[in-house]
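So the number in the numbering used here is just where the residue sits in the sequence shown, counting from 1, plus 900.
Structure first, then comments.
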Amino acid sequence: MPAVTNFDELKRLHNEARVRGAGSKAWIEFAMVMFDSFPALYDTAKAMNARFSEVRSNDDLIKVATGQVRHLYNGECPDEVEGPNVRDPDCPACQVLLAAVATAN
Ligand SMILES: [Zn+2]
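Laid out in structure tokens, this is it:
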């Protein structure tokens, strides 16, 4: 059975299976379609999650750049003394930088 990745079609199949009941032809067909479609659906969901974290990361980076999220400067934040590559895991601004680097890699 070919994979179905159109969510409207999956919803239609699900509704039909639900109405006809467990063990019905529609129910078995839906189960088989979901089994065959799961890898493609998983890849789609994974790509969407990655895209959402990228967007969230960009929004957070803008907040750091505009001063809405500030460094604590308790010794491990990037500055002229410590250099650009240090991060304080307890600092909200440094956490954004750490997350952005993790997303970029
Ligand atoms: Zn910091």
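Even glycine gets a Cβ: it sits at the ideal position worked out from N, Cα and C.
Per the C-alpha coordinates, the member of 905, 931, 902, 968 positioned closest to residue 914 is 931. Shortest gap from the CB of residue 965 to any heavy atom of ligand 1: 7 angstroms or more.
According to DSSP, residue 979 shares a beta bridge with 983.
Here residue 972 is exposed. Its C-beta has fewer than 16 other C-beta atoms within 10 Å. Out of 933, 925, 919, the CA that lies nearest to the CA of residue 909 is found in 933. In the displayed model, residue 991 falls within coil according to three-state DSSP, outside both helix and strand.
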